[in-house]
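Student: Position one of the sequence shown corresponds to residue 722 (our numbering), numbered consecutively onward.
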Amino acid sequence: MKNSFNNRLKELCEFKNNRLCIGLDIDPVKSNIKITNSMSNLIDYTKDIIDVTIDLCPIYKMNLAFYECYGSKGYLWLEKVIDHIGNRALTIADGKRGDIGNTAKKYAESLFNYFGFDCVTLSPYMGVDSLEPFISDPSKGAFILCLTSNKSALDIQMKVYDGEPLYLSVAKLCKKINIKNNIGIVVGATKYKKMRQIEKNSLGLSWLIPGIGAQGGDIKSSIEIGNKSGVGIINVSRGILYYGNEMKDVLKATEMYTENIRRYL
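1. Just tell me which of CYS778, GLY862, TYR985 has its CA closest to the CA of ILE900.
2. Out of ASN738, ASP772, LEU730, ASN728, which has the shortest C-alpha to C-alpha gap to VAL971?
3. Please determine, among ILE904, ILE756, ASN981, the residue with the shortest C-alpha to C-alpha distance to LEU857.
4. In whole angstroms, give me the CA-to-CA distance for GLU976 and ASN738.
5. Taking all protein chains shown into account, decide if VAL881 is buried (16 or more other Cβ within 10 angstroms of its Cβ) or exposed.
6. Between which two residues does the beta strand (DSSP E) carrying LYS782 extend?
7. Rounding to the nearest angstrom, what Cα-Cα distance links LYS872 and PHE836 in this structure?
8. Going by DSSP, what residue range makes up the beta strand (DSSP E) through VAL750?
9. How many angstroms separate the CA atom of LEU733 from the CA atom of ASN956?
10. Quick one: Cα of ILE764 to Cα of GLU885, how far?
11. Could you please give the first and the last residue of the uninterrupted alpha helix (DSSP H) stretch that includes GLY960?
12. Do you know offhand how far THR842's Cα is from LEU785's?
13. Ordered along the chain, which non-local residues of its own chain (more than five positions away) have a Cβ less than 6 Å from that of LEU887?
14. Where does SER873 sit, in a helix, a strand or coil, going by DSSP?
15. If we require 3 or more residues per run, which beta strand (DSSP E) segments fall completely within the region 825 to 879?
16. Give every residue of the same chain whose Cβ lies closer than 8 Å to the Cβ of GLY822, excluding the five residues on either side of it in the sequence, and list them in chain order.
17. Quick check: the Cα distance between LEU868 and MET847, rounded to an integer number of angstroms?
18. Three Cβ pairs or more, each shorter than 8 Å: is that satisfied between the region 919 to 928 and the region 943 to 951?
19. Span of the alpha helix (DSSP H) holding ARG809?
20. Look up ASP883 in the DSSP assignment and give the residues it is bridged to.
21. Near LEU894, which residues of its chain fall below 8 Å by C-beta distance, leaving aside the five closest residues on each side in sequence?
22. Does the distance from the C-beta atom of ILE919 to that of VAL908 stay below 9 Å?
23. Kindly indicate which residue of ARG984, TYR985, GLY965 has the alpha-carbon position closest to the one of ASN753.
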């Protein structure tokens, strides 16, 4: 019997005594470390980041847009990165997929079977049949958008339908369909005032928590509430990748976030 994704995540987080997820969203324009758009340079740079952080980091998230913008070369970059991580950490394909069942099935085949990701991010807007192809294998996970960290999240996610905000309906739905213990939700750290309400309605789900670092989210609430009944992982990208101008600064930032996370575990 396959080990469920949520169990795999919990075991690796406990082994490394960390809840840090590093976002490998590489942008040469923003980096203080001298890199170019040369694909070999980008691949080597990303591998270096992994090598200096992987002893501390249990899971990495790749926003697919940062790779897809390079076309076929970007897909090669993605393959090289996933292969380099191997079984030393888990990987999230952050593409926020969400489409009709047959199309979703092909997305799942691409991300899980071809690229070898352990987990994906999904939009629940089209309903359960758009999610099912991603959660049929218990060892593969899905983080479903619940309450995101961006300012305009309130345009839709906080609208009240049938007497409750949409984000709460999403949390309840995810809990209901978490039959194989491989579903999580995305809860922005900037929405910490809503976290306790979400936690009460999402028992057992893992949380992916963006918004710490550059967006100024609350790490204390995120750790304490996000890890109350499941595993809450803190995603940091810019706050680590662009912390300084040398690879040792990437490690220093990783150590700083790790120390803060461990303080509240």
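All residues carry an ideal CB built from backbone N, CA and C; glycine is no exception.
Tutor: Straight from the coordinates:
1. GLY862
2. ASP772
3. The sequence shown places Ser at residue 857, not Leu. With distances taken between Cα atoms, SER857 lies closest to ILE904.
4. 12 Å
5. exposed
6. 780 to 784
7. 32 Å
8. Neither: VAL750 is in no beta strand (DSSP E) and is coded neither H nor E.
9. 16 Å
10. 46 Å
11. 959 to 962
12. 11 Å
13. GLN878, LYS880
14. helix
15. 840 to 843, 862 to 868
16. ASP850, SER851, GLU853, PRO854
17. 16 Å
18. yes
19. First-last for ARG809: undefined, no H or E at that position.
20. Answer is none; ASP883 lacks a bridge partner.
21. PRO845, VAL849
22. yes
23. GLY965
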